[in-house]
Structure formats: C-alpha cells, structure tokens
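Enquirer: When the letters of the sequence shown are read in order and numbered with my numbering, they come out as residues 4 to 145.
Every residue, glycine too, gets a C-beta built ideally from N, C-alpha and C.
Being a predicted model, the structure only gives us computed values, none of them experimental.
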Amino acid sequence: MIPVTPRIWLDEDEIEETFVRASGPGGQNVNKVSSAVQLRFDVRGSKTLADHVKERLSRLAGRRLTKDGVLVLVAQRYRTQEQNRADALARLVELVREAAIVPITRRPTRPTLGSKIRRLEGKAKRAGVKSLRRDRPGGPDE
Numbered sequence: 004m005i006p007v008t009p010r011i012w013l014d015e016d017e018i019e020e021t022f023v024r025a026s027g028p029g030g031q032n033v034n035k036v037s038s039a040v041q042l043r044f045d046v047r048g049s050k051t052l053a054d055h056v057k058e059r060l061s062r063l064a065g066r067r068l069t070k071d072g073v074l075v076l077v078a079q080r081y082r083t084q085e086q087n088r089a090d091a092l093a094r095l096v097e098l099v100r101e102a103a104i105v106p107i108t109r110r111p112t113r114p115t116l117g118s119k120i121r122r123l124e125g126k127a128k129r130a131g132v133k134s135l136r137r138d139r140p141g142g143p144d145e
C-alpha cells in the first residue's frame, strides 16, 4: 500500500508499470536501454479511491486519461529506471493528493453598508470635480 494522505492509500496491485525507451538526447545509450517508465493506473476501476476523488482525479488528469479511464504517466526525466519509477509514482501520488482536496464552495456575499457609503461618497466627489471643469465663465471662447 502506498500512502497518499492519512486516509487515502493506493494499492500497488492497481498500478502497472512498463519500461520503454526514452526519447531525446542520450547518445548510443538511449537506443539500448529502456529507462523510461510508463505508469498506468485505472482510475475508474480503483477500489481504494472514493467516487468523489475519482471524479476530481479524472478532471485533473486531462489528456493523460484514456477513454477507458486509465491514467497514463510517462517519466523519462532521469537516466535510470529506478529514478524514473520513483518520479512517476511521486507524480501519481501528488495528483491523487490534489484530487483528494475538496474545493471550497463560494458563498456569494453582499457589500457592507460602510462600503456602499464610501463608494457613493467617492462618486459624489468625482462628480463635483468634473462639474467644476465644465462651463467655466471667462474661458477662451468668450
């Protein structure tokens, strides 16, 4: 079991890892060694995650989620399999941890009486300044 939060754990049997060849620079070594990790986690079929966490995780995953509901993470940042495995697992745990946070629903509020009065006073002051700029007697037109 892999701990995500004090209440949420991921079952290691639900995570499938395959090793593929990494792309990008690396010389001859990149053509010989399968150091990149492709981690697959079935979000919809997971027995350890609650439904609301699955729903938010699906939304957070975006393009990394297949039509079947499988989350695919590819880690090829490091040169060794072990570091890439740890990186992919850490990214999965971070995604699930982020999905476990229940968003706070916004409750609409109303402006206070003081803020209404300050707003109206500011408007009145600005109107007074503008009114003084208009219709000046003895201007260049007269």
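#1: With a floor of 3 residues, list each beta strand (DSSP E) that falls wholly inside the region 20-71, ordered by position along the chain.
#2: Give the DSSP bridge partners of A78, in chain order.
#3: Helix, strand or coil: which one does DSSP assign to I18?
#4: Could you check what DSSP says for V99 in three-state terms: helix, strand or coil?
#5: Which residue's Cα is closest to the Cα of R67: K128, D16, D45 and R110?
#6: Grouping DSSP H, G and I as helix and E and B as strand, with all else coil, what is V73?
#7: Just checking my contact of L42 with L92 at CB under 8 Å: how many whole Å lie between their CB atoms?
#8: Residues in its own chain within less than 6 Å of R47 by CB, not counting five upstream and five downstream?
#9: Assign S26 to one of two classes, buried (16 or more other C-beta atoms within 10 Å of its C-beta) or exposed (fewer than that).
#10: Can you tell me where the alpha helix (DSSP H) holding I120 begins and where it ends?
#11: Using only CA atoms, which one of L135, A53 and R88 lies nearest to S37?
#12: How close, in whole Å, do the beta carbons of V77 and A103 come, if the pair is a contact with beta carbons under 8 Å?
#13: From I107, R24, R136 and E17, pick the residue whose C-alpha is nearest to that of L74; which is it?
Expert: If we stick to the structure as given:
#1: 39-45
#2: In the sequence shown, counting from the first residue as 1, residue 78 sits at position 75. DSSP, once it has assigned bridges, lists V40 as partnering A78.
#3: Reading the sequence shown from its first residue, position 15 is the one you call residue 18. The answer is strand: DSSP assigns I18 an E or B state.
#4: Sequence index remark: in the sequence shown, residue 99 carries index 96 (1-based). DSSP places V99 in helix when its eight states are reduced to three.
#5: To locate residue 67, count along the sequence shown from 1; it is residue 64. Ranking K128, D16, D45 and R110 by Cα distance to R67 puts D45 first.
#6: Position 70 of the sequence shown holds residue 73. DSSP places V73 in strand when its eight states are reduced to three.
#7: Numbered from 1 along the sequence shown, position 39 holds the residue referred to as residue 42. Numbered from 1 along the sequence shown, position 89 holds the residue referred to as residue 92. With 8 Å as the limit, L42 and L92 qualify as a contact, their Cβ atoms being about 7 Å apart.
#8: Indexing the sequence shown from 1 puts residue 47 at position 44. Contacts found: G72.
#9: One-based indexing of the sequence shown puts residue 26 at position 23. Its Cβ having fewer than 16 others within 10 Å, S26 is exposed.
#10: Position 117 of the sequence shown, counting from 1, holds the residue named residue 120. I120 -> alpha helix (DSSP H) spans L116 to R136.
#11: Taking the sequence shown and counting its residues from 1, the one referred to as residue 37 is at position 34. Per the Cα distances, R88.
#12: If you number the sequence shown from 1, residue 77 lands on position 74. If you number the sequence shown from 1, residue 103 lands on position 100. V77 to A103, Cβ: 23 Å. No contact.
#13: Translated into positions along the sequence shown, residue 74 becomes position 71. That would be E17, whose Cα lies nearest to the Cα of L74.
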